[in-house]
Amino acid sequence: MIRALLLAAFAVLFVSLGAGCGEEPKIVFWHAYRGDEETALIKLTKDYEAEHKVTIELLSVPFDAYAAKLESAIPHAHGPDAFIDAHERLGSDLQNRLVAPIGDALPEKDVAVFEPASLNALTIAGVRYGVPLSEKCIALYVNEDLVPKTPRTIEELVALPVPVGGYPLVYEAGTPFYHAPFLSAFGASMLTADGQFGMVGEGAEDSLRLVAGWQKNGLLPEEPSGPVVKELFSTGKANAAISGPWLAGDLGKMRFRVEPLPLVGKTGQRMRPLLTVESAFLTPGGSKREEVRAFVRYLGGKQASLVRASLGRQVVANKQAWEEPALQNDKVLIAFHAATKDADPMPTSTAMRATWVPAQEAIRKVLRGDVEPKAALEEARARFLDALKPPPSPPSPTPLFLVCGLVLAGLALLMVKRVREPGFKAEFRRGRRAYAYVLHAAVIILLLVVLPLVLGALTSFFAGTRDQPQYVGLSNYVSILTARGGDLLGHGSFYLTLLVTVLWTLCNIALHVGIGVLLGVLLSRQWLRLRAIYRVLLIIPWAVPNYVTALAWKGMFHRQFGAINAILKALGAEPVSFFSHWSTAFAANVATNVWLGFPFMMVVTLGALTSIPKEVLEAAEVDGATRWQRFRHVTLPLLLPNMLPAVVLGTVWTFNMFNVVFLVSGGEPDGTTDILVSEAYRWAFTRNSQYGYAAAYAVIIMGLLFVMTRMLGRLTPKDVDKGETAAKDAPKGAH
Amino acid sequence: MERTPSLAERILVNGLVLVFVVFALYPVLWVISLSLSSSGMGEGGSVLPIPHDPSLANFKMVLGGDDPQKTWLFGRQLANSLLVSLLTAVVAIAIATPCAYALARFRFVGKEAGLRTLLVTQMFPTVASAVPLYLLLDALGLLDSRLGLTLVYATTAVPFAIFQLRGAFESIPVDLEEAAMVDGASRFEAFIRVVLPAARPAISVTALFAFMSAWNEFILAATLLSRESAFTLPVVLQRYVGEHDAQWGVFAAGAIIVSAPVMLLFYVAQRQLVSGLTAGGVKG
Chain A
1 MIRALLLAAF AVLFVSLGAG CGEEPKIVFW HAYRGDEETA LIKLTKDYEA
51 EHKVTIELLS VPFDAYAAKL ESAIPHAHGP DAFIDAHERL GSDLQNRLVA
101 PIGDALPEKD VAVFEPASLN ALTIAGVRYG VPLSEKCIAL YVNEDLVPKT
151 PRTIEELVAL PVPVGGYPLV YEAGTPFYHA PFLSAFGASM LTADGQFGMV
201 GEGAEDSLRL VAGWQKNGLL PEEPSGPVVK ELFSTGKANA AISGPWLAGD
251 LGKMRFRVEP LPLVGKTGQR MRPLLTVESA FLTPGGSKRE EVRAFVRYLG
301 GKQASLVRAS LGRQVVANKQ AWEEPALQND KVLIAFHAAT KDADPMPTST
351 AMRATWVPAQ EAIRKVLRGD VEPKAALEEA RARFLDALKP PPSPPSPTPL
401 FLVCGLVLAG LALLMVKRVR EPGFKAEFRR GRRAYAYVLH AAVIILLLVV
451 LPLVLGALTS FFAGTRDQPQ YVGLSNYVSI LTARGGDLLG HGSFYLTLLV
501 TVLWTLCNIA LHVGIGVLLG VLLSRQWLRL RAIYRVLLII PWAVPNYVTA
551 LAWKGMFHRQ FGAINAILKA LGAEPVSFFS HWSTAFAANV ATNVWLGFPF
601 MMVVTLGALT SIPKEVLEAA EVDGATRWQR FRHVTLPLLL PNMLPAVVLG
651 TVWTFNMFNV VFLVSGGEPD GTTDILVSEA YRWAFTRNSQ YGYAAAYAVI
701 IMGLLFVMTR MLGRLTPKDV DKGETAAKDA PKGAH
Chain B
1 MERTPSLAER ILVNGLVLVF VVFALYPVLW VISLSLSSSG MGEGGSVLPI
51 PHDPSLANFK MVLGGDDPQK TWLFGRQLAN SLLVSLLTAV VAIAIATPCA
101 YALARFRFVG KEAGLRTLLV TQMFPTVASA VPLYLLLDAL GLLDSRLGLT
151 LVYATTAVPF AIFQLRGAFE SIPVDLEEAA MVDGASRFEA FIRVVLPAAR
201 PAISVTALFA FMSAWNEFIL AATLLSRESA FTLPVVLQRY VGEHDAQWGV
251 FAAGAIIVSA PVMLLFYVAQ RQLVSGLTAG GVKG
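Line by line, the protein sequences give chains A and B. Counting in the numbering used here, the final residue of the first sequence is number 735, and the numbers go up one at a time with none missing. Counting in the numbering used here, the final residue of the second sequence is number 284, and the numbers go up one at a time with none missing.
This is how it looks when you write it as C-alpha cells:
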C-alpha cells in the first residue's frame with residue numbers, strides 16, 4: 001500500500017517536473033527586493049512582457065546571500081542577464097567581472113533625465129555602469145503630536161521632554177550606516193578619498209562621545225534594532241526616529257513628518273547621511289543582447305519610475321517622474337527626495353566593504369562603555385588594514401611540488417612494500433569479493449566528496465579572489481598559526497578562537513551526554529506510565545530543522561521582545577542584554593545547542609541500555625548494592641563504551657556547528673563567541689573573499705578533529721570493545 | 001519484576017522528566033504562537049506563548065498568498081523538497097547498504113584506509129569544499145538542477161549511513177546467513193533475503209536521517225539553485241527573515257509546515273529509532 005503510494009507520488013512528480021519550455025527570448029533578472037518594491041517590479045515585468053515578445057524570469061534572492069550568489073553564478077554563465085544592486089558594490093563587481101558598461105541601455109540623450117549625483121556614483125574612470133533606479137538615504141521622522149516644531153540641532157532635539165518610558169530619539173545606533181551622518185557633521189567619514197579608514201582623529205572620537213553620552217544617560221534604547229525602532233516610534237514612545245523610506249509603510253495612521261537630518265550643535269555642521277543608488281546592471285553576457293538592454297532602459301524610464309515610486313515607495317532617480325502630479329502630493333517621498341540632496345554617495349571602492357565590520361565593533365564597544373573612543377577606533381583601523389593586507393608575494397611553487405611529489409612517492413613505496421609482503425596476494429584474493437560490494441560507493445564518494453575536499457584543501461595554498469588565485473605557499477598557515485603577527489591570545493587570534501571552540505565543544509558534549517543519560521535512565525523505568533508520551537515529546541527538538549531552532553532561540557534572547565527576559569522580569573530580575581557580554585552570549589549559544597542535541601544522546605542511551613543484560617543488575621541487587629552503586633558501578637561502565645561512537649560523532653558535529661553560532665550570537669560581542677568554523681566562514685565571505693585563508697582554517701580544523709577522535713578512540717579498552725561486540729551478537733527480538 | 005517505587009520517587013522522576021519536557025516544548029510553542037499571531041512580535045515579551053490576534057493569515061501567506069504570479073509556486077517547491085529528499089534517502093541507502101555490509105562482514109585490503117577516509121570526510125567543514133563542489137557540478141552540467149542537488153545530498157549522507165548500517169549489520173548474528181548458505185543460497189542472496197530484512201529498523205532510521213538532512217539543508221541549495229521554480233522549502237523560508245525585512249510570523253508558519261512532516265516521520269519511526277540507531281563502528 002505505502003509502496004504503491006510512493007510510486008504514484010514519484011510518477012506525478014516526474015511528470016510535473018518535465019513540463020514547461022518556452023520559445024520566446026528569455027531574460028533572467030535578479031533582485032533582492034521584498035514587499036512593495038517586489039510587487040512593483042513584478043507588475044513592471046508583466047506589463048513589459050505583454051508589450052514585447054520576451055519572457056522575463058525574475059529571481060528574488062535573499063539580501064544576505066545576494067552578493068555571494070552573484071559572485072559565484074555570473075562568471076560561470078549561470079547567473080542573470082541583468083540585476084539590481086546597490087552602487088557601492090560596483091568596485092568589487094568590476095573586479096570580479098560581474099558587470100559590463102551600460103551602453104545604449106542609457107543613451108546619451110537620456111543622461112539629463114537622471115539625477116547627476118546618481119550618475120556620478122555609477123561612473124568609474126569615465127565609463128558609465130548601470131541605470132540608476134532609486135536613491136536611498138536616511139532622514140528624520142518626527143512625531144507630529146509630540147514635537148510640533150523640530151529644533152535646529154540634534155542636541156536640542158535630544159533634550160526635549162519625552163513621554164513616560166519613552167525616548168527623545170531612536171535609531172540603530174550600533175550600525176555604522178546610521179552613525180555615518182554623525183561622522184560627517186564632525187568632519188570625518190567611513191573611508192577617506194584616498195581609500196584609507198576614515199574613522200580616526202578628534203572628530204570621529206567626538207561623534208562617538210556624543211552618542212555614548214546619550215546612551216549612558218538612558219536617552220537611547222538599548223540594542224536598538226530595526227524592529228525596536230519601528231515599535232517605539234509607531235507606538236508613540238519616541239519623539240523622533242532616524243530611518244529610511246521603509247519605515248513609513250509601517251506607521252499606519254499616525255501623524256508624523258519627515259525632514260532632512262538636523263545640525264550637530266557642537267560643530268554647526270549638517271548631518272549628511274550616506275546615499276545608496278540602487279541601479280540596474282548588465283552582466284557581460286547580458287550586455288551583448290539587445291532585448292536585455294531594452295528592458296533595463298525601460299526600468300529606468302519615466303513610466304516605470306512612476307510605478308516604482310507609487311507602488312514600490314521608491315525615491316526614483318528619474319527627474320521626469322517627479323514632475324508628475326501623482327508624486328507631487330506624496331509628502332513622504334518628497335521629503336526623502338529632498339534629503340538625498342544632502343547625502344553623500346557611498347564610495348564604490350572595494351576598501352569600503354572592509355570598513356563596516358571594524359567600524360560596527362568599535363561603535364558598539366563605545367556604546368556599551370567598554371572602551372574609550374580613541375582606543376576603539378585605533379583597533380578598528382588596525383582590523384581594517386588587516387583585512388585588506390595584500391597577499392604575500394608569490395614564492396616559487398617548487399617546494400610544494402617537491403613535497404607533494406615526496407608524499408606521493410612515499411605512499412607509492414608503502415603500497416609496493418605492502419604488495420610485496422608474503423601473504424598479501426592471498427589476502428587480496430580472499431577479500432576480492434568484497435570489492436563488488438564497495439566499488440560503486442568508493443567511486444561516487446571519491447568523485448563527489450573526496451575530490452571537492454582535496455581541491456578545497458589545495459585552495460589553502462592560494463590567496464586572492466576566486467578567479468585570480470595566487471600561489472602563496474604555506475603563508476596562510478603561517479599567518480594563522482602566528483595569530484597574524486599579533487598577540488597570541490589577542491582578539492580574533494586562532495588560539496583564542498580555538499580555546500572558545502574547545503570550551504564550546506566540552507560544554508555541549510558534557511550537557512548532551514549528561515542530560516541524555518539522565519533522561520535515558522529515567523525513561524527506561526517500566527513503571528513510568530507516561531513514558532511513551534514523554535519520549536515522543538522529548539524527541540521533538542531533534543525533528544525541527546536547526547536553523548529554525550537557532551532563529552527561534554535568538555528571538556527568545558532578544559533584549560526587548562524575548563521570552564527569557566520576560567521570564568526574568570516576571571521573577572523581578574533586571575532584563576539582560578544577552579549579546580553584549582561574552583558569558584551570556586556564549587551561554588545563549590550553548591543553551592540553543594543543548595536543546596538541539598540532547599534528544600540524540602537520549603535515544604542513543606535508550607538503545608545502549610537495552611543491551612545491558614538484566615541478570616547483571618539483578619545479581620548486583622542480590623549482592624546488596626544500593627541503587628546509586630548499581631548505577632555507578634554496573635550500568636555506567638557498561639553504558640559508556642557503547643555510547644562512545646555516538647560521542648565521537650557528536651564531538652565532530654558540535655566542533656563544526658556553524659548554524660547555531662552564526663545565527664544565535666553571530667559572534668557577538670565583537671566576534672568573541674565565534675568558533676573556528678564561523679571564523680573560517682567570515683574569512684571566506686565577509687573579509688574580502690579570502691577563500692584560501694578560509695581553506696587553511698578548514699584544513700587545520702580537520703587536523704585537530706582527526707587527532708582528537710583518535711585520542712577518544714583510544715579511550716575504549718580493547719577487551720571491553722570485544723565484550724560489547726559479543727553482547728551485540730546476541731540475537732535481538734525479531735521485527 | 002521491578003519493585004513498585006515509593007510515591008516520593010514517582011513524583012521526583014515525573015517532575016524531573018517534566019522539567020525537560022517543558023524545556024523541549026517551550027521554544028516550539030513560541031514558534032507556533034508566533035505563526036498564529038497576525039501582529040508580528042507584539043508589544044514587549046510575554047512569558048506564556050499566547051498568540052496576539054490569532055489568525056491563519058501567516059499560513060495563507062506561505063501557502064500561496066505571496067504569489068503574485070498565481071502558479072502555486074509553493075506547491076512546486078514542496079514537490080521539489082519531497083522529490084529531492086526522498087531520492088536522497090533512496091540513493092544514499094542504495095549506495096551505503098552493500099558497502100556497509102562488506103565493511104561489517106569481509107576482511108579486505110583497503111578497509112581500514114576506507115573507514116578512516118569516511119571519518120575524515122565528516123570533519124572537513126563545508127565552507128571550504130563548497131566552491132570546488134560548485135565548479136565540479138558546473139563541469140558535470142548539473143548546476144541549478146534538482147538532480148545535481150540530490151546527488152550532492154546523497155553522497156554527503158553516505159558516510160554517516162555507512163557507519164550506521166555497518167553497526168547494524170555487525171549486530172546481526174553470522175549464523176543467520178550461514179544457515180541460508182547451507183540451504184543453497186549464494187552470499188549475495190543471503191544478504192538480500194536474510195540480512196536486509198533483519199536490519200530493517202536500522203535501514204529505516206538511516207533513511208530517515210538522510211531524508212532529514214536533505215529536507216533541512218539550505219546553504220548548498222541556496223548556492224546551487226537559481227530558479228524559483230527549482231527552490232526547496234528551506235531556501236524559500238530563508239527569504240522571509242532577511243536582514244532588513246523580517247516577517248517573523250510568516251517565517252514561523254513556514255517553519256511549522258517544514259517541520260511537520262519530519263515530526264510525523266519521527267513519531268512513526270520512534271520505536272525503530274531506539275533499536276535502529278547504532279551510530280556504530282565509528283572507531284576511526
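Virtual Cβ for every residue (Gly too), placed ideally from N, Cα, C. The structure displayed is predicted, hence computed values, not measured ones.
Beta-carbon proximity list for residue i, same chain, < 8 Å, skipping 5 on both sides
{"i": "residue 81 of chain A", "result": "27, 28, 29, 282, 283, 285, 286, 289, 292"}
{"i": "residue 219 of chain A", "result": "158, 167, 168, 169"}
{"i": "residue 385 of chain A", "result": "197"}
{"i": "residue 72 of chain B", "result": "64"}
Enclosing beta strand (DSSP E) for residue i [first to last residue]
{"i": "residue 571 of chain A", "result": "That residue, residue 571 of chain A, is in no beta strand (DSSP E); it is neither H nor E in DSSP."}
Closest residue to residue i among the options (Cα-Cα distance)
{"i": "residue 472 of chain A", "options": "A/458, A/481, A/483", "result": "A/458"}
{"i": "residue 649 of chain A", "options": "A/693, A/709, A/627, A/489", "result": "A/709"}
{"i": "residue 600 of chain A", "options": "A/577, A/540, A/659, A/626", "result": "A/540"}
{"i": "residue 101 of chain B", "options": "B/157, B/79, B/209, B/188", "result": "B/188"}
{"i": "residue 109 of chain B", "options": "A/431, A/628, A/580, A/673", "result": "A/431"}
{"i": "residue 49 of chain B", "options": "B/58, B/61, B/31", "result": "B/31"}
{"i": "residue 254 of chain A", "options": "A/239, A/262, A/268", "result": "A/239"}
Boundaries of the alpha helix (DSSP H) in which residue i is found, first to last residue
{"i": "residue 14 of chain B", "result": "7-36"}
{"i": "residue 339 of chain A", "result": "331-341"}
{"i": "residue 95 of chain B", "result": "73-105"}
{"i": "residue 181 of chain A", "result": "176-185"}
Proximal residues of chain B, C-beta to C-beta of residue i below 8 Å
{"i": "residue 656 of chain A", "result": "123, 125"}
{"i": "residue 462 of chain A", "result": "Here the premise fails: no neighbours, minimum Cβ distance about 11 Å."}
{"i": "residue 364 of chain A", "result": "Those do not exist, as residue 364 of chain A stays about 16 Å from chain B at its closest Cβ, beyond 8 Å."}
Cβ-based neighbour list, residue i, same chain, cut-off 6 Å, excluding 5 preceding and 5 following
{"i": "residue 21 of chain A", "result": "Here the model assigns residue 21 of chain A a pLDDT of 42, short of 50, so the residue's position is not dependable, and the following value carries that caveat. No residues qualify anywhere along the chain."}
{"i": "residue 155 of chain A", "result": "265"}
{"i": "residue 93 of chain B", "result": "207"}
{"i": "residue 366 of chain A", "result": "208, 212, 373, 376"}
{"i": "residue 248 of chain A", "result": "332"}
{"i": "residue 93 of chain A", "result": "99"}
{"i": "residue 176 of chain B", "result": "194"}
{"i": "residue 283 of chain B", "result": "In this prediction, residue 283 of chain B has a pLDDT of 36, which is less than 50 and means its spatial position is unreliable; what the coordinates show is noted afterwards. Hits under 6 Å: none found."}
{"i": "residue 190 of chain B", "result": "177, 180, 181"}
Within chain A, partners of residue i - CB distance below 7 Å
{"i": "residue 129 of chain B", "result": "452, 453, 456"}
{"i": "residue 74 of chain B", "result": "By Cβ distance, chain A contributes nothing, its closest Cβ being about 14 Å from residue 74 of chain B, past 7 Å."}
{"i": "residue 47 of chain B", "result": "563, 566, 567, 570"}
Listed by chain order, chain B residues near residue i by CB distance under 7 Å
{"i": "residue 536 of chain A", "result": "267, 270"}
{"i": "residue 545 of chain A", "result": "216, 234, 258, 259"}
{"i": "residue 509 of chain A", "result": "Within chain B, no residue comes near residue 509 of chain A; the closest Cβ sits about 14 Å away, beyond 7 Å."}
Sequence-distant residues of its chain with Cβ nearer than 7 Å to residue i (five each side left out)
{"i": "residue 535 of chain A", "result": "523"}
{"i": "residue 77 of chain A", "result": "285"}
{"i": "residue 203 of chain A", "result": "186, 187, 188"}
Query raised in the report: What residues in the region 158-187 of chain B have a beta carbon less than 9 Å from any beta carbon of chain A?
Result: Listed by position along the chain: 158, 159, 160, 162, 163, 167, 170, 171, 172, 173, 174, 175, 176, 187.
Query - Members of the region 58-75 of chain A near chain B, C-beta cut-off 9 Å - result: Correct list: 58, 59, 60, 61, 62, 63, 64, 65, 68, 69, 72, 73.
Query raised in the report: Can you list, in chain order, the residues of the region 167-179 of chain A whose Cβ is nearer than 8 Å to any Cβ on chain B?
Result: So nothing in the stretch comes that close.
Query - Contact list for the region 9-20 of chain B against chain A, Cβ threshold 7 Å - result: Of all residues in the region 9-20 of chain B, 13, 16, 17, 20 have a Cβ within less than 7 Å of some Cβ in chain A.
Query raised in the report: Of all the residues that make up the region 579-594 of chain A, which are near chain B by a beta-carbon distance shorter than 8 Å?
Result: Residues: none.
Query raised in the report: Taking Cβ-Cβ distances below 7 Å as the criterion, which residues of the region 90-106 of chain B are in contact with chain A?
Result: Answer set for the region 90-106 of chain B: 95, 96, 98, 99, 101, 102, 106.
Report task. Pull out every residue of the region 329-354 of chain A whose Cβ sits closer than 8 Å to any Cβ of chain B, in chain order. Result -> Here the close residues number zero.
**Report entry** Cβ-based contacts, 7 Å cut-off: residues of the region 675-698 of chain A near chain B
**Finding:** Here the close residues are 677, 680, 681, 684, 691, 694, 695, 698.
**Report entry** Under 9 Å (Cβ pairs) to chain B, residues found in the region 21-35 of chain A
**Finding:** Answer set for the region 21-35 of chain A: 28, 30, 32, 34, 35.
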